[in-house]
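One structure below.
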Amino acid sequence: METKTGDPLIKFGLLEEVLNLARANSLWPLTFGLACCAIEMMAVGMARFDLARFGAEVFRPSPRQSDLMIVAGTISKKMAPAVVRLYEQMPAPKWVIAMGNCAISGGPFFYENQYAIVPGADLIIPVDVYIPGCPPRPEAIIEAILTLEEKITKRGRLRKFRDVKR
Amino acid sequence: MIELGIEEKTYTLNLGPQHPSTHGVLRVLLEMDGEYITKAEPVIGYGHRGHEHMAENRNYHQFLPNMGRVDYLHALAYNQGYCMAVEKLIGVTVPERGEYIRVILSELNRLTSHLLWFGAYLLDLGAFTPIMYCFDDREHILDLLDRITGSRLTYCFYRFGGVPQDLDDEFITGVRAFIKRLRSRWPDYDNLVTKNVIFINRTKDVGVISKDQCVKYGLTGPTLRGSGIPYDIRKSEPYSAYPAFDFTIPIGDQGDIFDRYIVRLQEMEQSLRIIEQALDKLPNGPIMAEKVPKRLKPAEGEVYQAVETARGEFGCYIVSQGGIKPYRIKLRVPSFGNLSILPEIAVDTLVADLVAILGSVDVVIPEIDR
Amino acid sequence: MLKDNITKALAPLGLEQVADGDYAKTGYHLEVAARPEQMPAVAQAMLDQGCFLESLTAVDLRESFTLVYHFANFSELCRTVVHASLPKEAQAPTISRVYPAADWYEREVYDLFGIKFAGHPDLKRILLPDDADFHPLLKDFGAEAAND
Amino acid sequence: MEIPQALSDFSFVLVYLVAAGLFALGPIVLAYLIAPRSYGAARDAIYECGMPVIGSAWIQVAVIYYLFALLFLAFDVDVLFLFPVLLAYGKGYAWLDFVEITIFIGILSLVLVYAWCRGVFSWKRKQVTP
Numbered sequence: 369m370e371t372k373t374g375d376p377l378i379k380f381g382l383l384e385e386v387l388n389l390a391r392a393n394s395l396w397p398l399t400f401g402l403a404c405c406a407i408e409m410m411a412v413g414m415a416r417f418d419l420a421r422f423g424a425e426v427f428r429p430s431p432r433q434s435d436l437m438i439v440a441g442t443i444s445k446k447m448a449p450a451v452v453r454l455y456e457q458m459p460a461p462k463w464v465i466a467m468g469n470c471a472i473s474g475g476p477f478f479y480e481n482q483y484a485i486v487p488g489a490d491l492i493i494p495v496d497v498y499i500p501g502c503p504p505r506p507e508a509i510i511e512a513i514l515t516l517e518e519k520i521t522k523r524g525r526l527r528k529f530r531d532v533k534r
Numbered sequence: 024m025i026e027l028g029i030e031e032k033t034y035t036l037n038l039g040p041q042h043p044s045t046h047g048v049l050r051v052l053l054e055m056d057g058e059y060i061t062k063a064e065p066v067i068g069y070g071h072r073g074h075e076h077m078a079e080n081r082n083y084h085q086f087l088p089n090m091g092r093v094d095y096l097h098a099l100a101y102n103q104g105y106c107m108a109v110e111k112l113i114g115v116t117v118p119e120r121g122e123y124i125r126v127i128l129s130e131l132n133r134l135t136s137h138l139l140w141f142g143a144y145l146l147d148l149g150a151f152t153p154i155m156y157c158f159d160d161r162e163h164i165l166d167l168l169d170r171i172t173g174s175r176l177t178y179c180f181y182r183f184g185g186v187p188q189d190l191d192d193e194f195i196t197g198v199r200a201f202i203k204r205l206r207s208r209w210p211d212y213d214n215l216v217t218k219n220v221i222f223i224n225r226t227k228d229v230g231v232i233s234k235d236q237c238v239k240y241g242l243t244g245p246t247l248r249g250s251g252i253p254y255d256i257r258k259s260e261p262y263s264a265y266p267a268f269d270f271t272i273p274i275g276d277q278g279d280i281f282d283r284y285i286v287r288l289q290e291m292e293q294s295l296r297i298i299e300q301a302l303d304k305l306p307n308g309p310i311m312a313e314k315v316p317k318r319l320k321p322a323e324g325e326v327y328q329a330v331e332t333a334r335g336e337f338g339c340y341i342v343s344q345g346g347i348k349p350y351r352i353k354l355r356v357p358s359f360g361n362l363s364i365l366p367e368i369a370v371d372t373l374v375a376d377l378v379a380i381l382g383s384v385d386v387v388i389p390e391i392d393r
Numbered sequence: 816m817l818k819d820n821i822t823k824a825l826a827p828l829g830l831e832q833v834a835d836g837d838y839a840k841t842g843y844h845l846e847v848a849a850r851p852e853q854m855p856a857v858a859q860a861m862l863d864q865g866c867f868l869e870s871l872t873a874v875d876l877r878e879s880f881t882l883v884y885h886f887a888n889f890s891e892l893c894r895t896v897v898h899a900s901l902p903k904e905a906q907a908p909t910i911s912r913v914y915p916a917a918d919w920y921e922r923e924v925y926d927l928f929g930i931k932f933a934g935h936p937d938l939k940r941i942l943l944p945d946d947a948d949f950h951p952l953l954k955d956f957g958a959e960a961a962n963d
Numbered sequence: 085m086e087i088p089q090a091l092s093d094f095s096f097v098l099v100y101l102v103a104a105g106l107f108a109l110g111p112i113v114l115a116y117l118i119a120p121r122s123y124g125a126a127r128d129a130i131y132e133c134g135m136p137v138i139g140s141a142w143i144q145v146a147v148i149y150y151l152f153a154l155l156f157l158a159f160d161v162d163v164l165f166l167f168p169v170l171l172a173y174g175k176g177y178a179w180l181d182f183v184e185i186t187i188f189i190g191i192l193s194l195v196l197v198y199a200w201c202r203g204v205f206s207w208k209r210k211q212v213t214p
């Protein structure tokens with residue numbers, strides 16, 4: 369799925385790096401709960417798992433004010449045009465996290481003569497990070513946000529934790 | 024050119040699939056005259072995943088995980104309803120300890136569902152703090168359930184004939200500590216919300232459902248009990264180990280939003296009482312029936328098993344024609360009926376009241392769309 | 816007893832069968848077989864007894880449909896099931912005049928089975944997208960894997 | 085050519101206007117230059133919960149909403165008059181100025197009191213039909 373964001377008019381290396389650092393550390397997700405994963409997405413926003421530590425706790429209801437779409441749940445065929453429309457109405461730069469097996473590949477609801485769901489969010493919108501799980505645990509969602517930050521800033525924020533010798 | 028003086032004055036608005044107050048992907052097509060709603064038509068189907076079609080080409084064991092994903096807020100009650108329906112078909116009885124464990128876990132799951140409803144509903148009304156309180160309590164239960172069942176939300180724990188894993192002492196002491204802790208939190212919930220004058224003004228005498236509307240629309244659960252009809256499957260059609268416990272069925276009197284809210288709060292207290300009694304009287308013995316056939320081939324026939332979930336009566340209707348796959352499974356879900364009354368009670372209300380009514384009916388969308 | 820009142824109320828309608836159900840095995844107290852044309856009358860009789868429409872669904876028996884209506888009661892435990900067999904292309908009369916809850920149930924049965932309900936206020940799809948042209952729960956819809 | 089004293093005061097106003105203009109247009113131009121583009125069919129369409137909009141919002145609406153606009157206007161102009169007071173406040177007796185201001189605002193808030201009594205703010209709710 370080709371990405372739908374074009375390059376800006378002025379592109380300095382340093383300027384882009386500074387902007388990316390700012391963008392990565394204040395991702396505003398769109399409240400977009402489709403099914404069961406929405407509950408885990410709410411749980412990650414709450415006090416215990418606290419997405420606020422990574423700057424992503426402001427869940428904006430409108431796509432106009434958000435730059436990260438977490439597709440949390442099954443995309444049914446009736447819902448697909450709305451998903452694409454919401455993605456297009458988000459201002460650039462924007463990213464998409466496909467949360468849960470349903471958003472990755474249809475998950476438990478995909479089999480040969482399935483008539484109701486779109487097997488995977490990347491068939492209709494470009495996806496940046498995938499979180500496996502049904503539903504994924506809140507820790508997995510935090511790791512996805514950190515992976516996305518790594519992808520945006522191209523700096524190893526998460527790798528520091530991974531390479532620690534236990 | 025803007026045509027002035029257009030004849031039809033109603034404004035059509037989508038309270039659409041992506042909206043914070045619809046708790047999922049429900050779309051309510053509103054026709055409004057200024058702030059007042061003249062017609063509200065819920066459009067559902069955005070969360071339709073085809074559970075009943077899947078049931079027809081899966082054998083009985085393969086359909087168990089689906090049960091945790093129909094109503095993911097009270098998944099264990101759906102597991103219980105489906106397992107009991109199949110047990111009736113194949114004639115297996117669950118030993119007493121297994122039934123007690125099922126009741127304890129289902130009631131704990133009912134608490135997580137009501138707590139989440141409490142937080143999300145007040146978030147719709149604009150209060151941001153309560154959701155922090157109730158998610159904090161909810162995480163405690165999820166840890167306890169996670170220890171035993173292994174998952175946090177979409178449980179697939181009950182098996183035909185009982186429960187695969189026994190409770191250990193750490194779980195039991197954890198539950199007792201949790202009960203004491205949650206009971207100490209009720210005053211916080213009351214002071215924070217029930218006595219809050221804004222909350223009272225927004226919910227008193229709003230969205231009133233009368234008794235005969237309940238009968239006509241087939242409402243069940245707290246939405247029905249808010250209107251004063253004490254119909255709770257655990258009491259009126261006792262199943263599993265519920266006859267062994269004494270608990271009351273809280274009912275409202277006027278059927279407005281405030282009564283439905285009070286009913287759910289008191290129900291949480293009753294669930295705590297049930298869990299306490301179940302823990303005290305937990306018999307020892309087997310937790311799984313002995314001879315449960317591995318490949319189920321139930322005899323021809325049909326069965327309907329009703330179970331009380333957090334939102335109302337879940338009825339599992341299975342038609343079997345002797346094969347290893349069910350011929351037809353119909354899931355009678357409570358929110359389908361509870362939501363069908365919205366067009367009637369939403370007329371002439373303000374949009375803000377519609378959001379309050381929708382929250383008080385506590386719908387879970389993939390449960391409606393199946 | 817509610818069960819006797821219901822049997823008395825249903826007697827004059829001349830239904831094919833009104834029999835006691837075996838609650839332990841099937842969960843029914845009363846099993847009724849009727850023709851679809853009698854359904855509005857049966858629904859009215861049940862409503863007069865104060866029963867509510869628990870669920871309404873259909874089963875595709877390949878050569879004919881069976882409409883299954885469940886009625887239960889708030890005050891007393893008595894679940895009545897009504898089976899009404901319906902030929903493939905026939906239309907069933909709607910009971911949404913008596914039970915407004917049936918409005919959505921019948922739309923769902925039409926959506927998933929294609930059974931049309933005569934007299935329904937606004938019979939259109941409820942779950943599938945409006946431009947869908949198939950009925951998924953029909954037995955000949957998906958190549959149902961028949962390897963029992 | 086020496087600028088007469090009277091006019092030089094206006095130079096501050098000029099600077100103020102230019103700064104305000106820059107302050108307002110600056111982010112727009114900056115964003116246009118350095119922000120990446122987003123393409124998509126529905127990008128400029130009205131956002132309404134992910135659905136295409138039905139009908140238009142330019143319809144006749146009840147007159148009560150016009151009253152709300154009028155009430156806002158009354159208080160907006162009211163605030164406008166408070167700007168000059170800002171400069172002259174507290175020079176003489178502070179209490180005298182305070183009393184004058186409360187009288188001034190009191191008279192203007194009579195609009196609100198009148199509207200309240202006439203029931204402009206009471207949204208009639210659906211009668212409870214038991």
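Protein chains in written order, with the numbering used here: chain A, 369 to 534; chain B, 24 to 393; chain C, 816 to 963; chain D, 85 to 214.
Note that the Cβ used here is the ideal one computed from N, Cα and C, for glycine as well.
* Does any residue of chain A bring its CB to less than 8 Å from the CB of S122 of chain D? -> Counting from 1 along the fourth sequence, the entry for residue 122 of chain D is found at position 38. True, the Cβ-Cβ gap to chain A drops below 8 Å.
Exercise. Taking the continuous beta strand (DSSP E) assigned at F880 of chain C, which residues delimit it?
Worked result: Working through the third sequence from its first residue, we reach residue 880 of chain C at position 65. Note, F880 of chain C: beta strand (DSSP E), S879 to N888.
Give every residue of the same chain whose Cβ lies closer than 6 Å to the Cβ of V195 of chain D, excluding the five residues on either side of it in the sequence, and list them in chain order.
-> What you label residue 195 of chain D is simply residue 111 of the fourth sequence in a count that begins at 1. Counting only Cβ-Cβ distances below 6 Å, and skipping sequence neighbours, we find A158.
- Assign M155 of chain B to one of two classes, buried (16 or more other C-beta atoms within 10 Å of its C-beta) or exposed (fewer than that). One-based indexing of the second sequence puts residue 155 of chain B at position 132. Taking every protein chain shown into account, the CB of M155 of chain B has fewer than 16 other CB atoms within 10 angstroms, so this residue is exposed.
If we define contact as Cβ-Cβ less than 8 Å, is F281 of chain B a contact residue for chain D? Residue numbering aside, residue 281 of chain B sits at position 258 when the second sequence is read from its first letter. Taking 8 Å as the threshold, the shortest C-beta distance from F281 of chain B to chain D does not fall below it.
Roughly how many angstroms lie between the CA atoms of H163 of chain B and P908 of chain C, to the nearest whole one?
On the second sequence, position 140 is the one that residue 163 of chain B refers to. On the third sequence, position 93 is the one that residue 908 of chain C refers to. Approximately 51 Å, taken between the alpha carbons.
task = Note down, in chain order, every chain C residue with its Cβ under 7 Å from the Cβ of F395 of chain B.
result = Lying outside 24 to 393, the shown extent of chain B, residue 395 of chain B is not represented and no answer is given.
Subject >> W207 of chain D: first and last residue of the uninterrupted alpha helix (DSSP H) it sits in >> reply: Counting from one through the fourth sequence, the residue named residue 207 of chain D turns up at place 123. W207 of chain D -> no alpha helix (DSSP H), and no H or E assigned at all.
Proximal residues to K372 of chain A (C-beta, below 6 Å), its chain only, five neighbours per side dropped:
For this step, residue 372 of chain A is matched to residue 4 along the first sequence. Closer than 6 Å at Cβ, skipping near neighbours: no residue.
Identify each residue in the region 400-423 of chain A for which the Cβ-Cβ distance to at least one residue of chain B is less than 8 Å, and report them in chain order. F400, G401, L402, A403, C404, A406, I407, E408, M410, A411, M414, A415 and R416: these are the residues of the region 400-423 of chain A whose beta carbon lies less than 8 Å from some beta carbon of chain B, given in chain order.
Thinking R81 of chain B and K348 of chain B are a contact (beta carbons under 8 Å), I'd like their distance in whole angstroms, please. Counting from one through the second sequence, the residue named residue 81 of chain B turns up at place 58. Counting from one through the second sequence, the residue named residue 348 of chain B turns up at place 325. Between R81 of chain B and K348 of chain B a beta carbon distance of about 6 Å is seen, short of the 8 Å cut, so the two are scored as contacting.
Using only the alpha-carbon positions, how far apart do G230 of chain B and S136 of chain B sit? Counting from one through the second sequence, the residue named residue 230 of chain B turns up at place 207. Counting from one through the second sequence, the residue named residue 136 of chain B turns up at place 113. Rounded to the nearest angstrom, the two C-alpha atoms are 22 Å apart.
- Query: For T33 of chain B, which option in D:Y100, D:F205, D:G139 and D:V99 has the closest C-alpha, if you only look at C-alpha atoms?
  - Reply: Within the second sequence, numbered from 1, the residue matching residue 33 of chain B stands at position 10. Residue D:G139 is the option with its Cα nearest to T33 of chain B.
* Asked: Are L99 of chain B and A333 of chain B close, meaning C-beta to C-beta below 8 Å?
  -> Residue 99 of chain B sits at position 76 when you count from the first residue of the second sequence. Residue 333 of chain B sits at position 310 when you count from the first residue of the second sequence. Cβ atoms of L99 of chain B and A333 of chain B: not closer than 8 Å.
| said: Going by beta-carbon coordinates alone, are F201 of chain B and L167 of chain B separated by less than 8 Å? | reply: Position 178 of the second sequence, counted from the start, is the residue given in the question as residue 201 of chain B. Position 144 of the second sequence, counted from the start, is the residue given in the question as residue 167 of chain B. Yes, these two residues count as a Cβ contact at 8 Å.
Does DSSP classify C237 of chain B as helix, strand or coil?
The residue labelled residue 237 of chain B in the question sits at position 214 within the second sequence. In the structure shown, C237 of chain B falls within a helical segment according to DSSP collapsed to helix, strand and coil.
Same chain only: Cβ atoms within 6 Å of V896 of chain C, ignoring 5 sequence neighbours per side | In the third sequence, residue 896 of chain C corresponds to position 81, counting from 1. Cβ neighbours of V896 of chain C beyond the five flanking positions: Y843, E846 and H885.
Practice item. Please name the residue or residues paired with P907 of chain C in a DSSP beta bridge. Key: Along the third sequence, read from residue 1 onward, the residue named residue 907 of chain C stands at position 92. Looking at the sequence shown, residue 907 of chain C is not Pro but Ala. Partner(s): C:F932.
task = Consider the Cβ of Y131 of chain D: report whether some Cβ of chain A lies at a distance smaller than 8 Å.
result = Within the fourth sequence, the letter at position 47 stands for residue 131 of chain D. Residue-level contact check: Y131 of chain D touches chain A, since one or more beta carbons of chain A fall below 8 Å from its beta carbon.
>> If I measure Cβ to Cβ from E426 of chain A and keep anything under 6 Å in the same chain, skipping five residues before and after, which residues do I get?
In response: Walking along the first sequence from the start, residue 426 of chain A turns up at place 58. This sequence places Val at residue 426 of chain A; Glu is not what is there. Taking V426 of chain A as the centre and dropping the five residues before and after it, the same chain places the C-beta of W396 closer than 6 Å to its C-beta, in chain order.
*Check each residue of the region 937-953 of chain C: if its Cβ is closer than 9 Å to any Cβ of chain A, include it; give the result in chain order.*
Within the region 937-953 of chain C, the residues whose Cβ lies closer than 9 Å to some Cβ of chain A are L942, L943, P944, D945, A947, F949 and P951, listed in chain order.
With 16 as the cutoff for other CB atoms within 10 Å, does M291 of chain B come out buried or exposed?
For the purposes of this step, residue 291 of chain B is taken as the residue at position 268 of the second sequence. Looking at its Cβ environment, which holds 16 or more other Cβ atoms inside 10 Å, M291 of chain B is buried.
| How would you label C866 of chain C, buried or exposed, when you count the other beta carbons within 10 angstroms and need 16 or more for buried? | Here residue 866 of chain C corresponds to residue number 51 of the third sequence, with the count starting at 1. C866 of chain C comes out buried.
* Asked: Is it the case that the Cβ atoms of Q41 of chain B and L454 of chain A are separated by a distance below 8 Å?
  -> Here residue 41 of chain B is taken as the residue at index 18 of the second sequence, counted from 1. Here residue 454 of chain A is taken as the residue at index 86 of the first sequence, counted from 1. Yes, the pair counts as a contact, with Cβ atoms nearer than the cut-off.
Under a three-way DSSP split, which group does P902 of chain C fall into? One-based indexing of the third sequence puts residue 902 of chain C at position 87. Assignment of P902 of chain C by DSSP, reduced to helix, strand and coil, places it in the strand class.
Exercise for the section: Measure the beta-carbon distance from V356 of chain B to R393 of chain B and round it to whole angstroms, keeping in mind my assumption that it falls under 8 Å. Expected result: In the second sequence, counting from the first residue as 1, residue 356 of chain B sits at position 333. In the second sequence, counting from the first residue as 1, residue 393 of chain B sits at position 370. So it is a contact: roughly 7 Å between Cβ atoms.
* **3 or more residues per run - each beta strand (DSSP E) lying fully within the region 837-861 of chain C** => Taking only runs of at least 3 residues, the beta strand (DSSP E) segments lying wholly in the region 837-861 of chain C are 845-849.
- Message: Please tell me whether I485 of chain A and K445 of chain A are closer than 8 Å, where the distance is taken between their beta carbons.
- Response: Mapped onto the first sequence, residue 485 of chain A falls at position 117. Mapped onto the first sequence, residue 445 of chain A falls at position 77. A contact, by the Cβ cut-off of 8 Å.
### Query
Where D93 of chain D and F417 of chain A are concerned, what is the direct C-alpha to C-alpha distance, given to the nearest angstrom?
Here residue 93 of chain D is taken as the residue at index 9 of the fourth sequence, counted from 1. Here residue 417 of chain A is taken as the residue at index 49 of the first sequence, counted from 1. Rounded to the nearest whole angstrom, the C-alpha separation of D93 of chain D and F417 of chain A is 58 Å.
**OP:** Please name the residues in the region 370-389 of chain A whose beta-carbon is closer than 9 Å to at least one beta-carbon of chain D, in chain order.
**Re:** Residues passing the 9 Å Cβ filter: K372, T373, G374, D375, P376, L377, I378, K379, F380, L383, E384 and L387.
TODO: Decide if the region 240-252 of chain B is in contact with the region 269-284 of chain B; the criterion is three or more beta carbon pairs, one per stretch, under 8 Å apart.
DONE: Short answer: they touch.
query = Helix or strand or just coil, what does DSSP make of T895 of chain C?
reply = Here residue 895 of chain C is taken as the residue at index 80 of the third sequence, counted from 1. Three-state result, T895 of chain C: strand.
- prompt: If you draw a straight line from the alpha carbon of F222 of chain B to that of D147 of chain B, how long is it in whole angstroms?
  reply: Stepping through the second sequence from its first residue, residue 222 of chain B is reached at position 199. Stepping through the second sequence from its first residue, residue 147 of chain B is reached at position 124. Going by the C-alpha atoms only, they are around 11 Å apart.
> Should M447 of chain A be flagged as near chain B, meaning a C-beta pair shorter than 8 Å?
Replying inline: Indexing the first sequence from 1 puts residue 447 of chain A at position 79. Interface annotation, M447 of chain A: in contact with chain B, CB-CB separation under 8 Å.
*Are the beta-carbon atoms of H74 of chain B and L362 of chain B separated by less than 8 Å?*
On the second sequence, position 51 is the one that residue 74 of chain B refers to. On the second sequence, position 339 is the one that residue 362 of chain B refers to. In this structure, H74 of chain B sits away from L362 of chain B, with a CB-CB distance that is not shorter than 8 Å.
**Asked** Taking Cβ to Cβ, would you say H950 of chain C is nearer than 8 Å to L927 of chain C?
**Response** The residue given as residue 950 of chain C occupies position 135 in the third sequence. The residue given as residue 927 of chain C occupies position 112 in the third sequence. Cβ distance < 8 Å, so H950 of chain C and L927 of chain C count as in contact.
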